[in-house]
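J.: So the protein lines, in turn, are chains A and B. Residue numbers -10 to 104, in my numbering, belong to the letters of the first sequence in order. Residue numbers 143 to 262, in my numbering, belong to the letters of the second sequence in order. For each residue, glycine too, the CB sits at the ideal point set by N, CA and C.
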Amino acid sequence: DQQVKQNSPSLSVQEGRISILNCDYTNSMFDYFLWYKKYPAEGPTFLISISSIKDKNEDGRFTVFLNKSAKHLSLHIVPSQPGDSAVYFCAASLLFSSNTGKLIFGQGTTLQVKP
Amino acid sequence: GAVVSQHPSWVICKSGTSVKIECRSLDFQATTMFWYRQFPKQSLMLMATSNEGSKATYEQGVEKDKFLINHASLTLSTLTVTSAHPEDSSFYICSARGQTSGGTDYNEQFFGPGTRLTVL
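#1: Just verifying my parser: in three-state terms, what is the DSSP assignment at A:ASP73?
#2: If you follow the beta strand (DSSP E) that B:THR217 is part of, which residue opens it and which one closes it?
#3: Let me know the secondary structure DSSP gives A:ASP13 once reduced to three states.
#4: If you check the beta carbons only, do B:GLN180 and B:SER232 fall under 8 Å apart?
#5: Under the three-state reduction of DSSP, which class applies to A:GLU47: helix, strand or coil?
#6: Which residue or residues does DSSP assign as beta-bridge partners of A:ILE37?
#7: At 7 Å on the CB atoms, spell out the chain B contacts of A:GLY97, in chain order.
#8: Specify the secondary structure class of B:GLU229 as computed by DSSP and reduced to three states.
#9: So which residues on chain B does A:HIS30 lean against when the C-beta distance must stay under 9 Å?
#10: Please list, in chain order, all residues of the same chain as B:SER167 whose beta carbon is under 6 Å from its beta carbon, the five residues on each side excluded.
#11: Could you pull out every unbroken beta strand (DSSP E) segment of at least 3 residues lying fully inside the stretch 148 to 205 of chain B, listed in chain order?
Given below as structure tokens:
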């Protein structure tokens, strides 16, 4: 049972354009969402997060949008840079309700930003 | 801040042997550590959650006697793969949540660089 889904395994974008990565979840109890960036043979690097009480969080070129009614979140990268090329994972957590903070990851989306 | 290290970064072992992987939080107190494994082109799958000083909580389908987890201090957790077999070959990643020295809680998990285990 895949509770967090990233239905697009890959995305290719031209440098300078916007990259939009999507993520859907099924468990309405999730109250905290995160995006991680991962290079091959390395651990994930935290990018940005959002709690369920918000619908938008922005940090520099990265913005995460949360649509609770649709159980959908997205990561926008503007402008995209070649160095953004990596695998992006979204993750969900029952942070405040369970206090364990364990993360459920999506399958990942490989982003390629072309110069 | 919030740096997590893992050792070794890669290991090759013979079938039947045991392998220990260390996970350390370098600049914060990790009250909770998590162990994941990742198969090629797949998601990170949580194996277990460990809180300092208590027994680990394993996810369904993960054998606790095969994957021994110890979280003896606020900066160190170990995962021991006992009697390793080729199907245990994978990329093992730890992460940590905790507090800074000033007492600020980290909501995010910070990940180590991972350990590539190959069992021959």
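T.: On the basis of the data shown:
#1: Helix.
#2: B:THR217 -> no beta strand (DSSP E), and no H or E assigned at all.
#3: It is a strand residue.
#4: Taking 8 Å as the Cβ cut-off, B:GLN180 and B:SER232 qualify as a contacting pair.
#5: Assigned with DSSP and collapsed to three states, A:GLU47 falls in strand.
#6: Bridge partners of A:ILE37: A:TRP24.
#7: By Cβ distance, chain B contributes SER185.
#8: Shown here, B:GLU229 sits in a helix according to DSSP, grouped into three states.
#9: A small fix is needed here, since residue 30 of chain A is Ala in this sequence, not His. Among the residues of chain B, those whose CB is under 9 Å from the CB of A:ALA30 are SER151, TRP152, PHE233, PRO255, GLY256, ARG258, following chain order.
#10: Closer than 6 Å at Cβ, skipping near neighbours: VAL146, THR217, ALA238.
#11: Restricting attention to beta strand (DSSP E) runs no shorter than 3 residues, the stretch 148 to 205 of chain B encloses them at 152 to 155, 161 to 167, 171 to 180, 186 to 193, ordered along the chain.
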